Every structure is written in structure tokens, then in C-alpha cells.
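Below you'll find the structure, written out as C-alpha cells, and then a few comments.
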């Protein structure tokens, strides 16, 4: 019946003469009867019906057909769909187009089939990684850096496809290319506040204070400068010990050993009230700095005492006689134990921050680690090729130990005493005289002798140089750090003590230390 309707409609359009229409009256009446069955009470012409169906087939809105057929709005939608299915079944094919929806439909257009060993048709290449690589290369090396293209990475623009995730929504939002760079971000992202880029910390290249220190010995194996927790600096000058108060700049003469003796080492107790003084006669004197009174004089060493280290009430002393003595100042005995192991003068001693391990360095190029109860070293490190005076424990990582070698070695080495392993080595190019860690940041400072006499601030663990400080004309043999962890003082054979602000404060990197704000200029320590 439908074929007859379509055929009669076509004939009606081709025969405009009333005479011909009259001869085909029975067909037209049949067609009209058919449409009347579909649309009761409505009489339409065949040409209007054909034109309406033709418009529908070409994508015209269904409301247009409703207007031609004069169908009530309430019944037009369902009726037209019914007619459309009957008229265009097996004849009408809708044009293909992308259908957008809110459904989550997986798209396999850019799936990584190789991850699952599935062959995919070669429809193009994904160049989003190359775009990201280009942005990253520009951010790291600058816009002028351009490696030569390779045949594998050369592709025509027509063969490139945008990268998409395996699962995506049909409607996507195009992002800015800046979002691909890890160094740039868009300011228009809602809810994200981008702070200013933090500039590298600047270390002043000049000392803010210089003290004249007459008779400060130029001897690599001595330790003549130490800074107490009460902000008092002790300096051994010749046969005397002087105290310099960093808050008031007041200088006090603590003791005079006499013409036949020399000060070889000084060391403050952790509480900051007692000072140990090692002498060239092999004695160790304990002084109460607050009253300028000697408390005890301890025997044991046969030769000079060049290294001292405190651990609570326990004092360790190392001398030219190759021995280390452990002394408890609460006991009546001069020493409680004797540590033997070095084959030459002991010139470096440092207790760890937890007071469990003692590191010792000697002129035999050896670095030993002792525990609280051992009389023999529990760890031995023999990689240095010169005397080991510079020793420092990290306050940030348990068991991390740094050591520096003399002129023939020039290296700073790092050790993990927990795992008994050598971590790294840095050749500084100069004799390493002292090492100290910052308490506030993971950095350390080293002082050097031959041949550059420089002071270097290092960032750990990269060991990148933050600053190189110069000013001393002799080897920088002595080093101490202030109790606030911001200022260091260096001493050299040029008979000067120089104060440098090298480390930030724990709270603010812009806060000046107490000593740094107290006074500037050059004075004499005695």
C-alpha cells in the first residue's frame, strides 16, 4: 500500500492537467482516503505530503512538516514519528554525525593498544609527548637550544593526532599549552593562588666583624676557637685564653698558663659554663668561666693535647701521644678509659648529637668511630690520604658523618655509620681544615688552607656551592658556629677572627642574628 501511495504521489506531481487528474480520479481518491485514515478530519494534497516528507528526509525540523500538514501541536510529534517510520523504512538513511550526550562513553581512538599486545591500525602518531618535551627543553635549556631532528621524530602535520586518555567524555575542553610545562601555570585557574618564585638565598661575601687575635698560632693540628651555648667565644692566644662576649663585645682574660706552656685546644661543655683547656704539657684544665676559676687539672697525656670533645659530663681528649682519654669530671680519677688505635697524633674529635658515637681523626689518615663503652674502634675508615682533622656530625640525619682530609687529600667524604657505608666524596681542591653543619638548614660549611684559603658553604646532599668566601691571607685553621646557628667565626694564621652571616635563622631567613646586629667594625680581642 505504501508503494502505491508513493507512486501515486509522484504521478500527481507530474500531471498538472485537470483532465489527466480526472482520468486518475480513483487513484487520487485512494490516496486521499489513505491520508484521511492517518489524519482524520484533515484533507491535504499529495504534493504537500510529498514536499513535507522530502523536507524531513533532508533534515528539516519536524515542526515544518506539522505546519504543512496543519496538524495540532498536541498530536504532531507522535503522529509524524509514526508516519516517518512508515514512509522512510528501508528507504531513508540519516546522515552520519557526532552525537553529543552526557553519558560516559569510552573512546578508543587514542588507546595505547601496545600496552596490552593488541595490534592497532596505523592511523597517525601522538605528538603530545613531543610538545611537552619541547616545552620542558625550552624551560630547562632556554629557547635557543634545539637538537637536530631525527627521522624517527619527523612527521607531517596531517599524520599527527591529539592525545586523549583511554576513557574520556565526548565533549572535551582544550587546555592551554602552558599547562604542559611544570614551570608555568595559568593564573586564571579558579581557587589556586600562585605565590612569587622564591629567589635563591644570598650569602654576604664579606665578614660583618673582624677581631684582631695576636699570637693566634698557625698550626693545623690545634683547635683554638670554640663558641659556647651562652654566646661566649673562647680563643687560645699563645699561653692565654680569652673570652669574648658576643652580646656585649666584652673581652675577659680567663687564664695564663705561664711562659713554659701553650694553649693547644679549647672546648666548651654543652651547658656553656665550663671550659676545657688542653695544654702543650699534656694536661687538661677545667675552668668555671662564670667565676674565672680553675676547677681541676687532669693528667694522662704525655704530649700536647690538641683535640677536645664533650658529651654531657664526659670529656674526651686526644693528643700527640696517639691516645684518647675519656674523663668523667664527676669522678675522682683523671680518666675512666683509654682508647687506643691511632698510629699518629689525634687532631680531630667529635661526639654525635645523641652522645652515642665518638668520631676521631688522626695524622695517620684514619677516621675511627667509637661507642660509649668501647676501647677499640667499632668502625674504621681509611679512604683519606692525608691527616683527618675536619669532622662533623649531621644534626639532621642520624649516623651521617662528614670528614675532610689535609693537603694531599683535599676531599670531603660522607659516611653512614649506621650501615657502615661510604656515601660520597667531594674534591674541594684545597686542604680541608674544618667542617661544621648548619643547625637550621641541611647545609654545611668548610674552611680550607693550601692553596686558596677559602670558606665554602655547601648545600647537602647535592654538594652545590652556595657561596665561596675569601678574606683570610693564611690557612683558615679554626672554625666555630654561634648558638643560634646563623653566624660562623673563622680564625687563621693572619691573626684575625672574622665573623660571617652564612646560615638563615630557624624561623626567618631575613632575621639578623644577635651578634650580627650588635656591632660592626674591627676591634682587638685582648
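Numbering (UniProt numbering), first residue to last: 1 to 526.
Think of the CB as a built atom: it goes at the ideal place given N, C-alpha and C, for glycine as much as any other residue.
Bear in mind the structure is a predicted one, so any value in this text is a computation, not a measurement.
Pull up the distance between the alpha-carbon of residue 228 and that of residue 273, whole angstroms please. Straight-line Cα distance between these residues: approximately 8 Å.
With DSSP as the reference, label residue 487 as helix, strand or coil. Residue 487 falls in the strand class under three-state DSSP.
Top-ranked residue by Cα proximity to residue 391, from 480, 337, 441, 343: The closest CA to that of residue 391, considering only 480, 337, 441, 343, is found on 480.
Three or more beta-carbon pairs under 8 Å between the stretch 465-473 and the stretch 212-220, yes or no? In the pairwise beta carbon analysis, the stretch 465-473 is classified as not touching the stretch 212-220: fewer than three pairs are separated by under 8 Å.
Complete runs of the beta strand (DSSP E) confined to the stretch 324-365 [at least 3 residues]: Correct list: 324-328, 337-339, 346-351, 357-362.
Sequence-distant residues of its chain with Cβ nearer than 6 Å to residue 270 (five each side left out): 310.
For residue 298, is the classification buried or exposed, using 16 other Cβ atoms within 10 angstroms of its Cβ as the cut-off for buried? Buried is the call here.
Buried or exposed for residue 369, please, with buried defined as at least 16 other CB atoms from any protein chain shown within 10 angstroms of its CB. Burial call: buried.
Please determine if the stretch 448-459 and the stretch 424-438 are in contact, where contact requires at least 3 C-beta pairs separated by less than 8 Å. Taking one beta carbon from each stretch, the stretch 448-459 and the stretch 424-438 have 3 or more pairs nearer than 8 Å; the two touch.
According to the neighbour-count rule (16 or more other Cβ atoms, all chains shown, within 10 Å of its Cβ), is residue 143 buried or exposed? Residue burial is scored here from C-beta neighbours: residue 143 has fewer than 16 other C-beta atoms within 10 angstroms and is therefore classed as exposed.
Touch test, the stretch 313-332 against the stretch 379-395, Cβ-Cβ under 8 Å, three pairs minimum: At 8 Å Cβ cutoff, the stretches do not touch.
Applying the 10 Å Cβ sphere with the 16-neighbour rule, what's the burial state of residue 342? Taking a 10 Å sphere around the C-beta of residue 342, we find 16 or more other C-beta atoms and assign the residue as buried.
Exposed or buried, what is residue 333 when buried is set at 16 or more other beta-carbons lying within 10 Å of its beta-carbon? Around the beta-carbon of residue 333, fewer than 16 other beta-carbon atoms lie within 10 Å, marking it exposed.
Just the Cα atoms here: how many angstroms apart are residue 524 and residue 201? Between residue 524 and residue 201, the C-alpha separation is close to 31 Å.
Taking the beta strand (DSSP E) that residue 306 belongs to, which residues open and close that run? Segment 305-311, the beta strand (DSSP E) holding residue 306.
Where residue 474 falls: helix, strand or coil (DSSP): Of the three classes helix, strand and coil, the one that applies to residue 474 here is coil, per DSSP.
Grab me the residues of residue 454's own chain with a C-beta within less than 7 Å of its C-beta, minus the 5 sequence neighbours each way, in chain order. For residue 454, where only same-chain residues beyond five positions count, the Cβ hits under 7 Å are 430, 448, 468, 469, 470.
Give me, in chain order, the residues of the same chain whose beta-carbon lies closer than 7 Å to that of residue 439; leave out the 5 immediate sequence neighbours on both sides. 395, 485.
Nearest candidate by alpha-carbon position, reference residue 285, set 247, 257, 475, 291: Of the candidates 247, 257, 475, 291, 257 places its Cα closest to the Cα of residue 285.
Take residue 356 as the anchor and find which of 372, 344, 367, 347 has the nearest alpha-carbon. The shortest CA-to-CA distance from residue 356 to any of 372, 344, 367, 347 is the one to 372.
Excluding the 5 residues flanking residue 506 on each side, which residues of the same chain have their C-beta closer than 6 Å to its C-beta? 440.
State the start and end residues of the unbroken beta strand (DSSP E) segment that holds residue 242. That run of the beta strand (DSSP E) goes 240-245.
Range of the contiguous beta strand (DSSP E) that encloses residue 368: Per DSSP, residue 368 is one residue of the beta strand (DSSP E) stretching across 367-371.
Please classify residue 134: does DSSP put it in a helix, a strand, or coil? In the structure shown, residue 134 sits in a helix (DSSP, three-state: H, G or I).
Using 10 angstroms around the beta-carbon of residue 423, count the other beta-carbons present and answer buried if the total reaches 16, otherwise exposed. Under the 10 Å beta carbon count, residue 423 is surrounded by fewer than 16 other beta carbons and is classified as exposed.
Grab me the residues of residue 199's own chain with a C-beta within less than 7 Å of its C-beta, minus the 5 sequence neighbours each way, in chain order. None.
Once you ignore the five residues that flank residue 187 on each side, which residues in its own chain have a CB closer than 6 Å to its CB? Below a pLDDT of 50, predicted positions are generally treated as unreliable, and residue 187, at 45, falls in that range; the measurement from the model is reported next regardless. Around residue 187: no qualifying Cβ.
Which class does residue 208 belong to by DSSP, given the choice of helix, strand or coil? Of the three classes helix, strand and coil, the one that applies to residue 208 here is coil, per DSSP.
Tell me whether residue 255 is buried or exposed, calling it buried when 16 or more other Cβ atoms sit within 10 Å of its Cβ. Within 10 angstroms of the beta-carbon of residue 255 lie 16 or more other beta-carbons, which makes it buried.
Pop quiz: residue 549 and residue 387 are said to be a contact at Cβ under 8 Å. What is the actual Cβ separation, rounded to whole angstroms? Nothing can be reported for residue 549: it is not among the residues displayed for the chain, which extend from 1 to 526.
Between which residues of its own chain and residue 478 is the CB-CB distance below 6 Å, once the five residues before and five after are set aside? Taken in chain order, the residues that qualify are 224, 225, 491.
Looking at the structure shown, is residue 141 part of a helix, part of a strand, or coil, going by DSSP? Three-state DSSP puts residue 141 in a helix.
Mind checking who residue 426 pairs with in its DSSP beta bridge? Note: residue 426 sits in a beta bridge opposite 412.
To the nearest angstrom, how far is it from the Cα of residue 205 to the Cα of residue 452? The alpha-carbon atoms of residue 205 and residue 452 are separated by roughly 16 Å.
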